[in-house]
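Working notes for the structure below.
Number of protein chains: 2
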Amino acid sequence: MRMTTLTAAGIEPLFRLLGRYMQLEDADRNALTALEAGPVCYREARHDIAREGENPKVVRLLVSGWACRYKDLPDGRRQIVGFFLPGDFCDLNVYILSELDHSIGALTAVRYYEIQPQQFQTVIEERPHLLRALLWHEMVSSGIQREWLLSIGQRSPLERLAHLFVELYYRLQAVGLATGLSFDLPITQNHLAEANGLSLVHLNRTLQEMRREGLIELADRQLKIMDLDRLKEVAMFNRNYLHFNRQ
Amino acid sequence: MRMTTLTAAGIEPLFRLLGRYMQLEDADRNALTALEAGPVCYREARHDIAREGENPKVVRLLVSGWACRYKDLPDGRRQIVGFFLPGDFCDLNVYILSELDHSIGALTAVRYYEIQPQQFQTVIEERPHLLRALLWHEMVSSGIQREWLLSIGQRSPLERLAHLFVELYYRLQAVGLATGLSFDLPITQNHLAEANGLSLVHLNRTLQEMRREGLIELADRQLKIMDLDRLKEVAMFNRNYLHFNRQ
DNA sequence: TCAGGCCGCTAATCTGCGTTAGAGCGCCGC
DNA sequence: GCGGCGCTCTAACGCAGATTAGCGGCCTGA
Numbered sequence: 007m008r009m010t011t012l013t014a015a016g017i018e019p020l021f022r023l024l025g026r027y028m029q030l031e032d033a034d035r036n037a038l039t040a041l042e043a044g045p046v047c048y049r050e051a052r053h054d055i056a057r058e059g060e061n062p063k064v065v066r067l068l069v070s071g072w073a074c075r076y077k078d079l080p081d082g083r084r085q086i087v088g089f090f091l092p093g094d095f096c097d098l099n100v101y102i103l104s105e106l107d108h109s110i111g112a113l114t115a116v117r118y119y120e121i122q123p124q125q126f127q128t129v130i131e132e133r134p135h136l137l138r139a140l141l142w143h144e145m146v147s148s149g150i151q152r153e154w155l156l157s158i159g160q161r162s163p164l165e166r167l168a169h170l171f172v173e174l175y176y177r178l179q180a181v182g183l184a185t186g187l188s189f190d191l192p193i194t195q196n197h198l199a200e201a202n203g204l205s206l207v208h209l210n211r212t213l214q215e216m217r218r219e220g221l222i223e224l225a226d227r228q229l230k231i232m233d234l235d236r237l238k239e240v241a242m243f244n245r246n247y248l249h250f251n252r253q
Numbered sequence: 007m008r009m010t011t012l013t014a015a016g017i018e019p020l021f022r023l024l025g026r027y028m029q030l031e032d033a034d035r036n037a038l039t040a041l042e043a044g045p046v047c048y049r050e051a052r053h054d055i056a057r058e059g060e061n062p063k064v065v066r067l068l069v070s071g072w073a074c075r076y077k078d079l080p081d082g083r084r085q086i087v088g089f090f091l092p093g094d095f096c097d098l099n100v101y102i103l104s105e106l107d108h109s110i111g112a113l114t115a116v117r118y119y120e121i122q123p124q125q126f127q128t129v130i131e132e133r134p135h136l137l138r139a140l141l142w143h144e145m146v147s148s149g150i151q152r153e154w155l156l157s158i159g160q161r162s163p164l165e166r167l168a169h170l171f172v173e174l175y176y177r178l179q180a181v182g183l184a185t186g187l188s189f190d191l192p193i194t195q196n197h198l199a200e201a202n203g204l205s206l207v208h209l210n211r212t213l214q215e216m217r218r219e220g221l222i223e224l225a226d227r228q229l230k231i232m233d234l235d236r237l238k239e240v241a242m243f244n245r246n247y248l249h250f251n252r253q
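So the sequence lines, in the order shown, correspond to chains S and F. Start counting at 1 in the first sequence, then tack on 6, and there's your number in the working numbering. Start counting at 1 in the second sequence, then tack on 6, and there's your number in the working numbering.
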C-alpha cells in the first residue's frame, strides 16, 4: 500500500472555505475544532464511503484526498454529480432525510471525520452565526449542481471541461490547495469523463485539444492553467455561483 | 389576454406536499395560512419572475401555473434546470445567499405569493416542526437536480423523457393535480427540449417514438400515461430521490 | 379579413461523439 | 523477473442527434 502524504490539515480547509462566505474570527476557528473530536477515518481509492439507500447518521468532513457524489443506473452507467474536496461536507442533509439518494465514493485515498449531530450542536451554540455559514455552504453545493446541469446540457465538451477546471481552480484556491495557477488533480481521465457525461475516448481527445490550444498543461497529476483569462472565456465562466463574497 | 382558469388553491398544494414528508395536522394548515397574507402576484407566460444577479428579498410560493429555474449563456443557449409546480417555493435560499445565480421564468401564466421573512418566522414559531418540512422540501429539490444530472449525462433521450414524465406525474399527484394517470402538461415542446438538453427537432422525434411505443398519449396539453410500469422501466425510475416518506 | 407569431411536426444533410480495438508504460505482488 | 492491472493515448468506423429548412394550423390583434 502506497501512503499518500497526509498533511495534518484538520478543520483548516473548512475554516478557510467558510471564511470566503463571511468574516470569521479566531473564536470561530476554536469552536470548529469541536468537529475534530472523533477519530480520523481512512478509505482507500476506488472504495465507497456510503451507498445509495443507506441511512448514515453522521456527516463526513473531508480532510484530505478527493471524493465524489455519484449516481448509477441498473445497467452500470454512472454519473459523477459532484466532487468533494478537502474542507467539504459529504451530506449535511442526513439530519433531515432518512435515506441517501446517491452514493459517495473515494476517488483517491481519503481521510475524513465522522461528525455526530451533537458535535454540530456544540459548535452552533458557541458561535451561532456558523449555522448560517454551514447552510451557505450547502446552498453553494446546490448552485454548483445547477451550473453542472448547464454545462452538460448546453456547453460543448471543450467548454465543459474548461469550465470544470476553472471551477476546481477556484475551489482549491479557496482552501489553500492551489499554488499559483497549478494544482494537484489526483483523479483519472475516467473520472473526468464520468463527471462530464463524455466517453473516455472523447474526453482524452478534448484534453489533447486543450493542450494544443495552449490552455493547460497536464502531466503527473498536476494541472497547470496556462492562460486563465482565455480558459474562462472559452468556458463562459461566471464565478457568481460560487458565492465567494469575500476576497 | 386569455384568462386561465385559476382555482383558489392558496396554500393547499403546499400543505399536501409537506404532508408527503411528515404527518401534519389542521394546526399546521392553519399556521401555513399566514403565508397567504400578502397580495397575489400575477405574471404572464414567457415573462421572467426574477433574473440572475438580482437580490430579491422575498420567497415566492407558486399557487397556480408552471414556472422554471433556468440558466443561460452569453450566446443565448439556455438550460432549464428545474420546474416549479403549484406548491413549490422559488428559492428559499434568498435568506442566505445575497445574489441569484440563476433566473426564474414563468412558463405559463402564474399566480404566486411573495413571502416576507417575518411571515416565515410567524409560521415556524407557531409550529416549529414545519421548519424541518421546509428544509426537507429544499433538499428534495437538490435531489431532483442530481437526478437530472444523471438523466442528461447518462440516459438516452427516450429514457430521459420517460423519466421526466414519471417524475412530473408523481410530483403533480402529490399536490393533487393528476387525475388517474393523466395530467395537464401546459408547457411547449421547446421547454421540454431545453430541460432535457435536446434540440427541438429531436425532442419531437422522441415524443413520436414514445407514442408509437404506446407509452403515452399527448394532445391538447394533456399527457396520459398509457403504461406506467413500462414507462418506469424504460426510465429506470427509482422514486427514492423524491423522499415521499408517507403514502 | 388578413398578417404575424407561436406551436407542432417532418425531411434532408452532416458531423460530433460513442464504440471497439489495441498499443505502450509504470507499478505492484507473486 | 514476470504477469497482470490501471492508466493514457490513438485509429477506424458508424450512428445518434444537431442543424437547417419548410409546411400547416391556430390564435390574436390590427
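Glycine is no exception: its CB is placed at the ideal position from the N, C-alpha and C atoms. Given the structure is predicted, the values throughout are model-derived calculations rather than measurements.
According to DSSP, what are the bridge partners of residue i?
i, result
"Asp190 of chain S", "S:Gln228"
"Asp78 of chain S", "S:Arg84"
"Tyr175 of chain S", "Its beta-bridge partners do not exist; DSSP assigns none."
"Arg66 of chain F", "F:Cys96 and F:Glu120"
"Phe89 of chain F", "F:Cys74"
"Tyr185 of chain S", "The residue you asked about is not Tyr; residue 185 of chain S is Thr in the sequence shown. Answer by DSSP bridge pairing, in chain order: S:Ser188."
By alpha-carbon positions, which one of the options ends up nearest to residue i?
i, options, result
"Val64 of chain S", "S:Ser162, S:Val87, S:Asp78 and S:Val100", "S:Val100"
"Val87 of chain F", "F:Arg211, F:Leu170 and F:Ile102", "F:Leu170"
"Asp235 of chain S", "S:Thr114, S:Ile222, S:Gly25 and S:Asn246", "S:Ile222"
"Gln228 of chain S", "S:Leu206, S:Leu191 and S:Val207", "S:Leu191"
"Asp107 of chain F", "F:Ile130, F:Tyr76 and F:Asp81", "F:Tyr76"
"Val129 of chain S", "S:Arg245, S:Met242, S:His249 and S:Ile17", "S:Ile17"
"Leu167 of chain F", "F:Met145, F:Pro80 and F:Ser205", "F:Ser205"
"Gln253 of chain S", "S:His197, S:Val181 and S:Met216", "S:Val181"
"Glu50 of chain F", "F:Ala73, F:Glu42 and F:Met28", "F:Ala73"
"Tyr48 of chain F", "F:Arg66, F:Leu79 and F:Gly59", "F:Arg66"
"Gln125 of chain S", "S:Arg218, S:Glu42, S:Arg217 and S:Arg83", "S:Glu42"
"Phe243 of chain S", "S:Ile150, S:His208 and S:Arg217", "S:Ile150"
"Phe89 of chain S", "S:Leu140, S:Tyr119 and S:Ala112", "S:Ala112"
"Tyr247 of chain F", "S:Ala225, S:Glu120, S:Leu24 and S:Ser104", "S:Ser104"
"Arg52 of chain F", "F:Val207, F:Phe21, F:Ile158 and F:Thr194", "F:Thr194"
"Pro62 of chain S", "S:Ala201, S:Val146, S:Val207 and S:Leu98", "S:Leu98"
"Ala201 of chain S", "F:Asp226, F:Glu173 and F:Arg152", "F:Arg152"
"Gln122 of chain S", "S:Pro45, S:Ser157 and S:Leu156", "S:Pro45"
How would you write the range of the alpha helix (DSSP H) that residue i sits in, first residue to last?
i, result
"Phe21 of chain S", "Glu18 to Gly25"
"Ile158 of chain S", "His135 to Gln160"
"Asp34 of chain S", "Asp32 to Leu38"
"Asp107 of chain S", "Element bounds for Asp107 of chain S: n/a, residue is neither H nor E."
"Glu239 of chain F", "Leu234 to Ala241"
"Arg252 of chain S", "No alpha helix (DSSP H) contains Arg252 of chain S, which DSSP labels as neither H nor E."
"Glu200 of chain F", "Gln195 to Asn202"
"Leu209 of chain F", "Leu206 to Arg218"
So, is residue i buried or exposed, given that buried needs 16 or more other C-beta atoms within 10 angstroms?
i, result
"Ala37 of chain S", "buried"
"Ser109 of chain F", "buried"
"Met7 of chain S", "With a pLDDT of only 30 at Met7 of chain S, under the threshold of 50, the placement of this residue in the model should not be trusted; the figure read from the coordinates follows. Result: exposed."
"Thr13 of chain S", "Caution is warranted here: a pLDDT of 47 is assigned to Thr13 of chain S, below 50, making its placement in the model unreliable, and no coordinate value can be reported."
"Pro163 of chain F", "buried"
"Leu137 of chain F", "exposed"
"Pro92 of chain S", "buried"
"Asp81 of chain F", "exposed"
"Pro19 of chain F", "buried"
"Arg161 of chain S", "buried"
"Gly59 of chain F", "exposed"
"Gln127 of chain S", "exposed"
"His197 of chain F", "buried"
"Thr185 of chain F", "exposed"
"Gly71 of chain S", "buried"
"Val240 of chain F", "buried"
"Gln85 of chain S", "buried"
"Val116 of chain S", "buried"
What are the boundary residues of the beta strand (DSSP E) that residue i is part of?
i, result
"Glu120 of chain S", "Val116 to Ile121"
"Val46 of chain S", "Val46 to Arg49"
"Asp54 of chain S", "Asp54 to Ala56"
Closer than 8 Å, Cβ to Cβ, to anything on chain S: give me those residues from the segment 223-237 of chain F, in chain order.
-> none
Residues of the segment 126-159 of chain F with a CB closer than 9 Å to any CB of chain S: list them in chain order, please.
-> Arg138, Leu141, Trp142, Glu144, Met145, Val146, Ser147, Ser148, Gly149, Gln151, Arg152, Glu153, Trp154, Leu155, Leu156, Ser157, Ile158 and Gly159
Going along the chain, which residues of the segment 13-38 of chain S sit with their C-beta nearer than 7 Å to a C-beta in chain F?
-> none
Using Cβ-Cβ distances below 7 Å, what residues of the segment 91-112 of chain F are close to chain S?
-> Asn99, Ile102, Leu103, Ser104, Glu105, Asp107 and His108
Looking at chain S, which residues of the segment 175-209 of chain F have a Cβ within less than 7 Å of any of its Cβ atoms?
-> Gly203
With 8 Å as the C-beta to C-beta threshold (strictly closer), list the residues of the segment 42-76 of chain S near chain F in chain order.
-> Here the close residues are Glu58, Gly59 and Arg75.
Pull out every residue of the segment 160-175 of chain F whose Cβ sits closer than 8 Å to any Cβ of chain S, in chain order.
-> Gln160 and Arg161
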